[in-house]
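Letter 134 of the sequence shown, counting from 1, is numbered 134 in UniProt numbering, and no numbers are missing.
Notes follow once the structure below has been shown.
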Amino acid sequence: ESGTRLFKARRILPALAWYRRAVDLLLALDLSACGRREHTTGSEQASRPALGDDAMAEAASLSLAARLNSALCWLQLREWAKADVACDEALLSDPSSVKAHYRKAQARIGLRSYEDARVALEEVLRLDPQNADARKLLSDASGKCRQQVPEAV
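Spelled out as structure tokens, the structure:
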């Protein structure tokens, strides 16, 4: 929530730092929980608090949100390649994230990779056929994609 407050106050760099720190902490928590299960004896596991499936699902959800918010920060900073990487990280944890595909398309447009943007937007529309923002951006990206193709001589 602190990152969101910072973002809304247009303090993008501090918000980005907050989101990246959240991702790092959640990743450490996830790795710690996995390592604890794999590398401890039954008595050691009993003496440590275990993260249940609900807690792990919540951590994954928070991590996804932090990655998506990081991507949004990078987009605001016009750091297209970094936004693209943040979207790829989000898509690794949730390949059906509409926001991740949409933000990836925005990053790809910023990078002038209009064909890649078109592919990402088509995925948004496959997942959410009523997404009006994606339809508009797809139309824009398709037009720019056609402009990039050199005319035959």
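Ideal Cβ placement from N, Cα and C applies to all residues, glycine included.
With respect to the 7 Å criterion, L125 and A134 are classified as neighbours on the basis of their beta carbons.
Between L29 and A65, the C-beta spacing is not below 7 Å. In summary, K104 is buried, with 16 or more beta-carbon neighbours lying within 10 Å of its beta-carbon over all protein chains present.
Apart from the 5 residues on each side of it in sequence, R118 sits with its Cβ closer than 7 Å to the Cβ of L138, A141, S142 and C145 in its chain, given in chain order. Using a Cβ distance threshold of 7 Å, Q76 and I12 count as a contacting pair.
If you draw a straight line from the Cα of P14 to the Cα of S96, it is about 28 Å long.
The three-state secondary structure of R67, taken from DSSP, is helix. In terms of Cα proximity to W74, the closest of L111, S2 and L121 is L111.
For G110, the enclosing alpha helix (DSSP H) covers residues V98 to G110.
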